[in-house]
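Enquirer: Structure incoming, see below.
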Amino acid sequence: MKFRFYLALWAGKFIDWLLKLKGETRDDMPGSVIFRICPDFLKYVAKPPIVAAATGTNGKSTVTSLIADGLKSLGYRTAFLDWGPNLRSGHCLLMARSVTLFNHTRVDAVVCEADEGSSPYEMSRLQPTHYIVCNICRDSLRRNGHPLYIRDQIQDAISKCPNTKVILNADDPISGLMKVTKPENVRYFAMEKTTDADISNTVLHDFTICPNCHKKVVYQHRHYLQMGHFTCPGCGLSSPVEDFDGTYFDPEARRLTVKEKDGTEYTVSIDSSSVFNAFNYLSVIAFFRWIGVSVDRLVPLIGSLKVPVSREEVVEVDGIKIHTSMCKGQTGSSASVVMRHLSQIPTRKELVLLVNEEYANPKAHETPSWLWDVDYELLANDRLTRILVGGDMSEDYHYRFLMAGIPEEKIAAVPKDSDMLSHLTFDNVDEIYVLHEVDAVTEAKHYQEAIVQKLKEARHEN
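In terms of our numbering, the sequence shown is residues 570 to 1031.
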């Protein structure tokens, strides 16, 4: 096994070196070669003192990016692949880059994003020191099937890592109720009530029945989807007691107040106005506190961390803000969280959707039924001035928007994506949001630049 391991390590490093010479640093092919030669590479590769992994349906890319940036700011030599390869090939590449030719660690910390479905295999070999589970929500049928299947996969991974410190979301009953081998190896984060809005109008709600006695659970408050604090009137099952409680969140000021279990309280600035990202920051805070970062160092550290521009970015032209924002396709849960966030922003807005799927690619096609899991009904208000969508599925979206109560005159559904921007009006609008798929970051940036140019031209003509 030692021979296979070193052959894999050296082959992977050599291929990685060749790719770097060509300027191709974002290719996990070296990791694929490593795994083919030595499937147990992650078991034998040297580990630094900190190996932090994050998983879950939504948020893991943001969480790992924030943790990696934070560790670097604290002076840790940190290995991290910021382009998000979260399967075994990416993990093998990451670990190969973190060690020398003779398997001596070169870093103080490794941070990796872990795919939910493959976690049992990879985490059992990697044995991370810290494992963050952001949440488990309904995802693409093709990618992940049922939320409880994913819950079982992550539970299996946790069971195979008995010494790993686990950070769970107490406000997510699907992931928050998972079992950890040693009670002292788990910390919970949660949020107090964040909105007075009626959350019962959501399409998706995947935790309504107690898993123990099958009575209907009662929520003290809900943030979105199944996220919130619940109790069961039948058997008394309830959300775990949180160790890190977001007692108050001000989205306009982007300030989050945190109270720890021992009574320690502090307020941090975060780089987002969404409740969803407030949860992400809470998990990051829990991690840094667990590795021993003092409150005095934590507060300025958190304030310096930025959400990756691949997730959200904003530029402003003549008082109009043009945003790019991640909005996963083929999954109603992620898109619904985005729609709820947009519905709570009291500005007039136009939306450009790059959350499309091409019928022209039958191997990648999935039933459009997920469109009916998205809370587009939340957009049917006076603050939405226009919604634009293009591509082969534009008519599917068009019909869905109409059924959600969005007026026909506010909808622009065109066969070609490239024709969408001609339907932008800039009339009575404060913000424009370009909502894009996971793999459409570059395309969204191009749209943002085109909108900026079009807006400047419109202002110049006037």
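Where is the CB? At the ideal position from N, CA and C, for every residue including glycine.
Can you give me the C-alpha to C-alpha distance between S903 and T764, rounded to a whole angstrom?
Expert: In the sequence shown, the residue the question calls residue 903 occupies position 334. In the sequence shown, the residue the question calls residue 764 occupies position 195. Rounded to whole angstroms, S903 to T764 spans 19 Å at the Cα level.
Enquirer: Quick check on the DSSP output: the beta strand (DSSP E) that includes Y700 runs from which residue to which?
Expert: Here the question's residue 700 lines up with position 131 in the sequence shown. Here the beta strand (DSSP E) through Y700 covers H699 to V702.
Enquirer: Can you give me the C-alpha to C-alpha distance between N997 and R657, rounded to a whole angstrom?
Expert: Counting from 1 along the sequence shown, the entry for residue 997 is found at position 428. Counting from 1 along the sequence shown, the entry for residue 657 is found at position 88. Their Cα atoms are separated by approximately 49 Å.
Enquirer: Report buried or exposed for S843, applying the criterion of at least 16 other Cβ atoms within 10 angstroms of its Cβ.
Expert: What you label residue 843 is simply residue 274 of the sequence shown in a count that begins at 1. Burial call: buried.
Enquirer: Kindly indicate which residue of L911, I956 and R909 has the alpha-carbon position closest to the one of E919.
Expert: To locate residue 919, count along the sequence shown from 1; it is residue 350. Ranking L911, I956 and R909 by Cα distance to E919 puts I956 first.
Enquirer: Which residues does DSSP list as the beta-bridge partners of L957?
Expert: Translated into positions along the sequence shown, residue 957 becomes position 388. Paired residue(s): V921 and A981.
Enquirer: Let me check understanding here. Comparing Cα to Cα, which of V924, Q913, R824 and S863 lies closest to H792?
Expert: For the purposes of this step, residue 792 is taken as residue 223 along the sequence shown, with counting starting at 1. Among V924, Q913, R824 and S863, the Cα nearest to that of H792 is on Q913.
Enquirer: Flag this pair as touching only if the stretch 639-657 and the stretch 674-694 have three or more C-beta atom pairs under 8 Å; answer yes or no.
Expert: Judged by Cβ distances under 8 Å, the stretch 639-657 makes contact with the stretch 674-694, as three or more pairs qualify.
Enquirer: Around the Cβ of C804, are there at least 16 other Cβ atoms within 10 angstroms (buried) or fewer (exposed)?
Expert: Within the sequence shown, numbered from 1, the residue matching residue 804 stands at position 235. Its Cβ having fewer than 16 others within 10 Å, C804 is exposed.
Enquirer: With a floor of 4 residues, list each alpha helix (DSSP H) that falls wholly inside the stretch 640-671, ordered by position along the chain.
Expert: The stretch 640-671 contains these whole alpha helix (DSSP H) runs: 657-666.
Enquirer: Candidates F995, E1000, S963 and E946: which alpha carbon is nearest I975's?
Expert: Stepping through the sequence shown from its first residue, residue 975 is reached at position 406. If we check each option's Cα against that of I975, E946 comes out closest.
Enquirer: Suppose the cutoff is 8 Å on Cβ atoms and the five residues either side in sequence are ignored; what does the same chain contact list for M514 look like?
Expert: For the chain, the structure presents residues 570 to 1031; residue 514 sits outside this window and is missing.
Enquirer: Rounded to whole angstroms, what is the Cα-Cα separation between D775 and D708?
Expert: On the sequence shown, position 206 is the one that residue 775 refers to. On the sequence shown, position 139 is the one that residue 708 refers to. Roughly 11 Å between the two C-alpha positions.
Enquirer: With a CB to CB cut of under 7 Å and the five nearest residues on each side skipped, what residues in its chain are close to K641?
Expert: To locate residue 641, count along the sequence shown from 1; it is residue 72. Taken in chain order, the residues that qualify are T647.
Enquirer: In this structure, how does DSSP classify M796 when only helix, strand and coil are distinguished?
Expert: Here the question's residue 796 lines up with position 227 in the sequence shown. If DSSP states are grouped into helix, strand and coil, M796 belongs with the strands.
Enquirer: For L737, list the residues DSSP reports as bridge partners.
Expert: The count along the sequence shown starts at 1 and reaches residue 737 at position 168. For L737, which the question treats as bridged, DSSP gives the partners V702 and Y757.
Enquirer: Pull up the DSSP beta-bridge partners for G815, would you.
Expert: On the sequence shown, position 246 is the one that residue 815 refers to. For G815, which the question treats as bridged, DSSP gives the partners M760 and V827.
Enquirer: Looking at R702: is its Cβ nearer than 9 Å to the Cβ of A623?
Expert: The residue labelled residue 702 in the question sits at position 133 within the sequence shown. The residue labelled residue 623 in the question sits at position 54 within the sequence shown. The residue asked about is misnamed: residue 702 is Val in this sequence, not Arg. Yes, Cβ-Cβ distance for V702 and A623 is below 9 Å.
Enquirer: Specify whether the stretch 884-894 and the stretch 970-986 touch according to this definition: at least 3 beta carbon pairs, one from each stretch, less than 8 Å apart.
Expert: No, the stretch 884-894 is not in contact with the stretch 970-986.
Enquirer: For D740 versus S808, is the C-beta distance shorter than 9 Å?
Expert: Here the question's residue 740 lines up with position 171 in the sequence shown. Here the question's residue 808 lines up with position 239 in the sequence shown. Cβ atoms of D740 and S808: closer than 9 Å.
Enquirer: Could you say if the stretch 720-739 and the stretch 783-792 meet the contact criterion of at least three C-beta pairs nearer than 8 Å?
Expert: As far as the Cβ criterion goes, the stretch 720-739 does not touch the stretch 783-792, which means the pair count is below three.
Enquirer: How long is the line joining the alpha carbons of M796 and V632, rounded to whole angstroms?
Expert: Against the sequence shown, residue 796 aligns to sequence position 227. Against the sequence shown, residue 632 aligns to sequence position 63. Their backbone Cα atoms lie some 18 Å apart in a straight line.
Enquirer: Rounded to a whole number of angstroms, what is the C-alpha to C-alpha distance between N713 and K875?
Expert: Taking the sequence shown and counting its residues from 1, the one referred to as residue 713 is at position 144. Taking the sequence shown and counting its residues from 1, the one referred to as residue 875 is at position 306. Taking the straight line from one Cα to the other gives about 29 Å.
Enquirer: Do you know how far the Cα of K616 is from the Cα of V924?
Expert: Residue numbering aside, residue 924 sits at position 355 when the sequence shown is read from its first letter. Residue numbering aside, residue 616 sits at position 47 when the sequence shown is read from its first letter. Distance between the alpha carbons of V924 and K616 is about 39 Å.
Enquirer: Rounded to whole angstroms, what is the Cα-Cα separation between A847 and F758?
Expert: Here residue 847 refers to the residue found at position 278 when the sequence shown is read from its first residue. Here residue 758 refers to the residue found at position 189 when the sequence shown is read from its first residue. Answer to the nearest angstrom: the Cα atoms are 11 Å apart.
Enquirer: Give me the Cα-Cα distance between Y928 and P937, rounded to the nearest whole angstrom.
Expert: Along the sequence shown, read from residue 1 onward, the residue named residue 928 stands at position 359. Along the sequence shown, read from residue 1 onward, the residue named residue 937 stands at position 368. Low local confidence applies: a pLDDT of 49 at Y928 is under 50, so the model's placement there is unreliable, with the coordinate-based value given in what follows. Straight-line Cα distance between these residues: approximately 11 Å.
Enquirer: Beta-carbon within less than 6 Å of T750's beta-carbon, same chain only, minus the 5 sequence neighbours each way: which residues are those?
Expert: Your numbering for residue 750 matches position 181 in the sequence shown. Taken in chain order, the residues that qualify are P731.
Enquirer: Which residues in the same chain as H992 place their Cβ atom closer than 6 Å to its Cβ, once the five residues preceding and following it in sequence are excluded?
Expert: Working through the sequence shown from its first residue, we reach residue 992 at position 423. Once the five neighbours on either side are set aside, the close Cβ partners of H992 are L957 and A981.
Enquirer: By the 10 Å Cβ neighbour count, where 16 or more other Cβ atoms means buried, how is Q1022 classified, buried or exposed?
Expert: For the purposes of this step, residue 1022 is identified with residue 453 of the sequence shown, where counting begins at 1. Exposed: under 16 other Cβ atoms inside 10 Å.
Enquirer: Any heavy atom of the ligand SAH within a distance shorter than 8 Å of the CB on A982?
Expert: With respect to the ligand SAH, the structure offers nothing, as it holds no ligand at all.
Enquirer: How would you label P820, buried or exposed, when you count the other beta carbons within 10 angstroms and need 16 or more for buried?
Expert: As a first step, residue 820 is located in the sequence shown; it is residue number 251 there, counting from the start. Result: buried.
Enquirer: Suppose the cutoff is 7 Å on Cβ atoms and the five residues either side in sequence are ignored; what does the same chain contact list for E977 look like?
Expert: In the sequence shown, the residue the question calls residue 977 occupies position 408. Cβ within range, chain order: L971.
Enquirer: Within its chain, find whatever has a CB closer than 8 Å to the CB of A973; leave out the 5 residues flanking it on each side and keep chain order.
Expert: The residue given as residue 973 occupies position 404 in the sequence shown. If we look at A973 and ignore the five residues flanking it on each side, its Cβ neighbours are Y945, E946, L948 and A949.
Enquirer: May I have the straight-line CA-CA distance separating A580 from I889, to the nearest angstrom?
Expert: As a working note, residue 580 is residue 11 in the sequence shown. As a working note, residue 889 is residue 320 in the sequence shown. Going by the C-alpha atoms only, they are around 51 Å apart.
Enquirer: Would you kindly report the start and end of the unbroken alpha helix (DSSP H) that includes V602?
Expert: Against the sequence shown, residue 602 aligns to sequence position 33. Looking at the DSSP string, the run of the alpha helix (DSSP H) that includes V602 is M598 to I606.
Enquirer: Cβ atoms of L870 and L643: under 9 Å apart, would you say?
Expert: Counted from its first residue, the sequence shown places residue 643 at position 74. Counted from its first residue, the sequence shown places residue 870 at position 301. For L643 and L870, yes; Cβs fall inside 9 Å.
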